[in-house]
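Throughout, our numbering is defined as the position within the sequence shown, counted from one, plus 7. For every residue, glycine included, the Cβ atom is placed at its ideal position computed from N, Cα and C. In this text the structure is predicted, and so the values were computed from the model without any measurement.
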Amino acid sequence: MPKFLDPVAGFGVTFRTMFRKVVTEEYPEHKKPTAPRFHGRHQLNRHPDGLEKCVGCELCAWACPADAIYVEGAPNTEQERYSPGERYGRVYQINYLRCILCGLCIEACPTRALTMTNEYELADDNRSDLIYEKQDLLAPLLAGMEEPPHPMRLGDQGDYYRGAGIGSGLDQPAERAGSTSIDTLDEGSTR
Ligand code: SF4
Ligand code: SF4
Numbered sequence: 008m009p010k011f012l013d014p015v016a017g018f019g020v021t022f023r024t025m026f027r028k029v030v031t032e033e034y035p036e037h038k039k040p041t042a043p044r045f046h047g048r049h050q051l052n053r054h055p056d057g058l059e060k061c062v063g064c065e066l067c068a069w070a071c072p073a074d075a076i077y078v079e080g081a082p083n084t085e086q087e088r089y090s091p092g093e094r095y096g097r098v099y100q101i102n103y104l105r106c107i108l109c110g111l112c113i114e115a116c117p118t119r120a121l122t123m124t125n126e127y128e129l130a131d132d133n134r135s136d137l138i139y140e141k142q143d144l145l146a147p148l149l150a151g152m153e154e155p156p157h158p159m160r161l162g163d164q165g166d167y168y169r170g171a172g173i174g175s176g177l178d179q180p181a182e183r184a185g186s187t188s189i190d191t192l193d194e195g196s197t198r
């Protein structure tokens, strides 16, 4: 091929590529959905009346291989009740600088208070914002839920742990697809 045609040949490659299907993922403009059981940001779930499922037992913190969870429990009183248990999680922190998203903490949780969502955008430009506090992790209040503290509205403690209110229209669906909350687990998913 004559040398003066070299630039034309080079542009030929460019033009051919322009009309090919793009294979790169155009993140963040187009976000690909994760697998349904992808382990993303944690969520602290609520009972159907808004009380917190976390009873401040610290089992999640003990199970964590990365020492990423810090919990301080405190007793509930009849005047100030946050969960149906004897205690609630007064302080709850997850350090996403340490967390490896392994899911051992949600396995350890006896009340299924702690589950994981599909949210994976956990980057930030400073270290302190990656230590999530309880208010960052609590599930949002849905219709029919009331911000604690308040009395148990669904019966006694046993009623809560047997799933009182579920199916009554007050139950809390998973915030995002793939969140392994008690409700989705009861529908047949496994941990
Ligand atoms: S997902 Fe794993 S590393 Fe992260 S807080 Fe839970 S147990 Fe710790
Ligand atoms: S999230 Fe579960 S395991 Fe962790 S302190 Fe609360 S109830 Fe206990």
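Taking 7 Å as the threshold (beta carbon to beta carbon), is residue i in contact with chain D?
| i | result |
| --- | --- |
| I76 | Absent here is chain D; the protein component of the structure consists of one chain. |
Would you mind giving the Cβ-Cβ distance between residue i and residue j, rounded to the nearest angstrom? I have them listed as a contact below 8 Å.
| i | j | result |
| --- | --- | --- |
| Y89 | L108 | With a Cβ gap of about 27 Å, Y89 and L108 do not count as contacting. |
| K60 | T118 | 5 Å |
| Y99 | V78 | 5 Å |
| L144 | I101 | 7 Å |
| D2 | R105 | A query on residue 2 cannot be resolved here, the shown segment of the chain reaching from 8 to 198 and no further. |
| L137 | L129 | 7 Å |
| Q164 | G80 | Not quite, the Cβ-Cβ distance comes to about 16 Å (not below 8 Å), so this is no contact. |
Go ahead and label residue i buried or exposed: buried means 16 or more other beta carbons lie within 10 angstroms of its beta carbon, across all protein chains shown.
| i | result |
| --- | --- |
| A181 | Low confidence applies to A181: its pLDDT is 46, below 50, so where it sits in the model is not reliable, and the reading given next is rough at best. Answer is buried; the Cβ neighbour count reaches 16. |
| M25 | exposed |
| T21 | exposed |
| L51 | buried |
| A171 | buried |
| Y95 | buried |
| N83 | buried |
| P155 | buried |
| G63 | buried |
| L111 | exposed |
| T31 | exposed |
| S175 | Caution applies to S175, whose pLDDT of 48 falls short of 50 and renders its modelled position unreliable; the value that the coordinates give is listed next. Exposed is the call here. |
| D56 | buried |
Going by DSSP in three states, residue i sits in which element: helix, strand or coil?
| i | result |
| --- | --- |
| G176 | Residue placement at G176 is poorly supported in this model, since its pLDDT is 42, which falls under 50; the coordinates still yield a value, given next. Residue state, collapsed to three classes: coil. |
| Y168 | helix |
| Q142 | helix |
| T187 | Reliability of the predicted coordinates at T187 is poor, the pLDDT of 41 falling under 50, and the value obtained from them is presented with this limitation in mind. T187 falls in the coil class under three-state DSSP. |
| A81 | strand |
| L104 | coil |
| L12 | helix |
| L121 | strand |
Complete beta strand (DSSP E) runs within the region 16-63 (minimum length 3 residues, chain order) = 49-51
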